[in-house]
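FYI, the numbering for the sequence shown is 1 to 260, going by full-length UniProt numbering. Backbone N, C-alpha and C fix where the C-beta goes; we use that ideal spot for every residue, glycine too. Structure record follows, encoded as structure tokens.
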Amino acid sequence: MDSGLISASGIEMRFGGESAGQPVLDNLDITISAGSFVTLLGPSGCGKSTLLKILGGLLDPTSGEVAIGGRPPAAAVKERQIGLVPQRPALLPWKTALQNASMLHHIAGGGGKKADSTEAASHALELVGLTEAGDKLPHQLSGGMAQRVSIARALAMDPAILLMDEPFGALDAITRDEMNEKLAEIWAATGKTIIFVTHSIGEAIFLSDTVHVMGRDPGRIIETLDIELERPRTRDVFGDPTFTAYSGRLRDLLEPKAMV
1 MDSGLISASG IEMRFGGESA GQPVLDNLDI TISAGSFVTL LGPSGCGKST
51 LLKILGGLLD PTSGEVAIGG RPPAAAVKER QIGLVPQRPA LLPWKTALQN
101 ASMLHHIAGG GGKKADSTEA ASHALELVGL TEAGDKLPHQ LSGGMAQRVS
151 IARALAMDPA ILLMDEPFGA LDAITRDEMN EKLAEIWAAT GKTIIFVTHS
201 IGEAIFLSDT VHVMGRDPGR IIETLDIELE RPRTRDVFGD PTFTAYSGRL
251 RDLLEPKAMV
């Protein structure tokens, strides 16, 4: 079975144990096809990031089952099939872009051949369009470039699954649009399974095959919307009537009255 296929059933998450108060996530089921681009969209506090980590095997739920490629999540984590791109790049300021991009690969390899990690990082930087910036330090990079290094750091591990937790939330609108187009290109080129967390309706529609809309108190999926827009997509799609219809539907779902 493909290592990018994810299935979860009966997921409940209570921080502090089963006897704790209101669950963060409650009785949640979800299946994510291998190679798909799936977005978790919802308001703050609905458990998007928690669900992201549970689906990627990085966090154990209080109850429920998760399988990655038909196996326990721990197997995928052990085999380094999960890559994480956090909200902030978190680059080491004294290391170049290439060194930052190679760091996880080198550590995961037990400090093995540095040349192998450098080669993997160089390929990843090429994928994100930063080949010429490999020798630059973080303070010499724009916000968008720094986040691309963060993506390259995850891609250098060649994971089957890429978890992305609001990676473009801190960027300005123009840079964010550019990063969305670049990410769509990377996804098409690599065939990774991507699970993406965002608050942005437009971003969710532009990038996704499927959008799972989450409500809160407790966190749960209130509707799943398949995005049937042709690929590759450019920013011109924002003017497409179908895009507008999807946007309207998602706005309705995210109204506070729909969250309860």
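C-alpha distance - residue i paired with residue j, whole-angstrom precision
i           : j    : result
A184        : F206 : 9 angstroms
M1          : D236 : Low per-residue confidence applies at M1: pLDDT is 46, beneath 50, and the placement is therefore not dependable, though the value from the model is reported in the following sentence. Roughly 37 angstroms separates the two Cα atoms.
T131        : S142 : 15 angstroms
R14         : Q22  : 7 angstroms
A34         : A160 : 9 angstroms
L5          : L92  : 33 angstroms
G47         : E203 : 19 angstroms
H139        : L25  : 39 angstroms
A154        : P256 : 35 angstroms
residue 264 : I186 : This structure cannot settle anything about residue 264, because the visible part of the chain is limited to 1 through 260.
L51         : L84  : 13 angstroms
R231        : K53  : 28 angstroms
F238        : S150 : 27 angstroms
A234        : T39  : Correcting the residue type first, residue 234 is Thr in the shown sequence and not Ala. Looking at the two C-alpha atoms, the distance is approximately 18 angstroms.
P61         : E79  : 20 angstroms
residue 292 : R71  : Here the chain comprises residues numbered 1 to 260, so residue 292 is not present and cannot be evaluated.
D135        : L98  : 6 angstroms
S247        : S200 : 10 angstroms
K182        : I82  : 20 angstroms
S117        : A8   : 33 angstroms
P89         : L137 : 13 angstroms
G144        : A115 : 27 angstroms
D158        : A152 : 10 angstroms
T190        : F37  : 12 angstroms
P86         : P167 : 6 angstroms
A133        : A108 : 24 angstroms
Distance between beta carbons of residue j and residue i, contact taken as under 8 angstroms
i    : j    : result
E223 : L253 : 6 angstroms
L28  : I221 : 6 angstroms
A121 : A101 : 4 angstroms
G69  : L163 : About 15 angstroms separates the two Cβ atoms, so there is no contact after all.
V213 : L41  : 5 angstroms
T225 : R251 : The sequence shown places Leu at residue 225, not Thr. No, L225 and R251 are not in contact; Cβ-Cβ is about 12 angstroms, not under 8 angstroms.
Residue i: first and last residue of the uninterrupted beta strand (DSSP E) it sits in
i    : result
L25  : 25–32
A8   : 6–13
A170 : A170 -> no beta strand (DSSP E), and no H or E assigned at all.
L84  : 82–85
L40  : 37–41
Residue range of the unbroken alpha helix (DSSP H) whose run includes residue i
i    : result
R148 : 143–155
G191 : Where G191 is concerned, there is no enclosing alpha helix (DSSP H), given that its DSSP letter is neither H nor E.
G248 : 241–254
V77  : 73–78
DSSP state of residue i mapped onto helix, strand, coil
i    : result
F196 : strand
V128 : coil
M1   : With a pLDDT of 46 at M1, under the threshold of 50, the modelled position of that residue is not reliable, and no figure is offered here.
A67  : strand
D209 : coil
I227 : coil
L58  : coil
R220 : strand
L104 : helix
E96  : It is Thr, not Glu, that sits at residue 96 in the sequence shown. Correct three-state label for T96: coil.
L137 : coil
L163 : strand
G47  : coil
L109 : First, the residue type needs correcting, since residue 109 is Gly and not Leu in the sequence shown. Three-state result, G109: coil.
G215 : strand
L183 : helix
R88  : coil
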